[in-house]
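Comments concern the structure below.
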Amino acid sequence: MRILVTGGAGFLGSHLCERLLSLGHDVVCLDNFSTSTRDNIEHLESDPGFQLFERDITSLYGHTGYIDQIYNLACPASPKAYQADPVKTMQTSVLGAINVLELAKRHKARVLQASTSEVYGDPEEHPQRETYNGSVNPVGIRACYDEGKRAAETLFMDYRRQYKVSVRIARIFNTYGPRMQPDDGRIVSTFIRQALSGDPLTVFGDGSQTRSFCYVSDLIDGLILLMNTPNCVLPMNLGNRDQWTVMELANKIICMTNSKSEILTWPLPSDDPKRRCPNLAKSFNRLGYYPKVPLNEGLMETIGWFQVNSPRRSAFVTIPKHFPVIPFTKTTKR
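Written as structure tokens, this is what we have:
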């Protein structure tokens, strides 16, 4: 197939492009490089099945050629990035969704929306099921992302009902792995960068809030399964159901990096969720999806990648022997 990946040079997008190429598909990557880097896809650009368009999804224009499937991953995903320009974040979610849905309607392509666990807000239900409508503050500092993604889900379902577009919605929980930006403000990348640099690890609140951490290869498995499994229309949670407190994660990363870093606590930011964990019953029963990579293994791969690629290198860790984690297989254009 010929598959469009918007946000294809980002953390998740680059891994998805790589996997789709390894499966023999032609991949069209669209990215404006606002929060991504060309380094993520540099190793793909020599592949004859790979094509790059440097464009903004909010003003999608020009001819992309025939498309069989679309994965819409274009949107800043870390609080630091999406709060830097909240109006643009909302535009990316809403106008971007309309643009990819119109493209899917025109080409009769199936389109997958990369939504987020943030649609549940600071949840009152735990773990979160897809039927839970969430507890989101529509005027808070995180609302540009939370409500933007919720609006995008509405558009996807309305395009399905009104125009019969074949849609999929993935609600993605915390994902980590190689190619995360060191300064993106997300918890795993921040803790690893701080530990490798010997800086204090900054824990917000008392560290008792919980998160579930899914390794990137497991998340990519889930996206591809959701896209290609028949009759999977409803939103679907993708992530890892194992829970860790923020303090447990901080101590684990300090231990794994042999770091001398201390832990400093700061006030909890506004609207920061206290608990976040997916109920995976629906994705397991309908997709056969289940994450395989344990946290220790995924963290070691991620730490090793940061050790090699971070501008501030350290001698704290032994670099794992094998990475990148998701293998890239050369393909030829049909």
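So my numbering is basically just the index in the sequence shown, starting at one, shifted up by 51.
C-beta: ideal position from N, C-alpha, C; glycine also.
- Taking a C-beta distance under 8 Å as the contact criterion, Ile-223 and Leu-289 qualify as a contact pair.
- Under the 10 Å beta carbon count, Cys-306 is surrounded by fewer than 16 other beta carbons and is classified as exposed.
- Residue state for Pro-329 is assigned as strand, using DSSP reduced to three classes.
- Uninterrupted beta strand (DSSP E) stretches at least 3 residues long and entirely within the region 112–151 occur at 120–123, given in chain order.
- Minimum Cα-Cα distance from Asp-77 among the listed residues Asp-90, Phe-104 and Ile-118 corresponds to Ile-118.
- Here Ser-259 is exposed: its Cβ has fewer than 16 other Cβ atoms, across all protein chains shown, within 10 Å.
- Selection Lys-333, Gln-232, Trp-295 and Ser-310 evaluated against Ala-132 yields Gln-232 as nearest (Cα-Cα).
- In this structure, the alpha-carbon of Leu-277 lies about 20 Å from that of His-158.
- Ranked by how close their Cα comes to the Cα of Asn-302, the residues Gly-147, Ile-243 and Gln-102 have Ile-243 in first place.
- Arg-53 carries a strand assignment under DSSP once its states are collapsed to helix, strand and coil.
- In the three-state reduction of the DSSP assignment, Leu-319 falls in the coil class.
- Contact between Gly-185 and Gly-172 holds, with the beta-carbon distance rounding to 5 Å and staying under 8 Å.
- In the structure shown, Glu-105 falls within a strand segment according to DSSP collapsed to helix, strand and coil.
- Minimum Cα-Cα distance from Leu-315 among the listed residues Ile-271, Trp-356 and Thr-253 corresponds to Thr-253.
- Annotation: Gln-260 is outside any alpha helix (DSSP H) and is labelled neither H nor E by DSSP.
- Where Ile-304 is concerned, there is no enclosing beta strand (DSSP E), although the alpha helix (DSSP H) around it starts and stops at 297–307.
- Judged by beta-carbon spacing, Pro-229 lies within the 8 Å limit of Glu-352, meaning their Cβ atoms are closer than that value.
- Ile-238 places its beta carbon less than 8 Å from that of Leu-300.
- With a cutoff of 8 Å on beta-carbon distance, Leu-95 and Leu-274 are scored as not near each other.
- Under the DSSP assignment, Cys-80 falls in the beta strand (DSSP E) whose first and last residues are 77–82.
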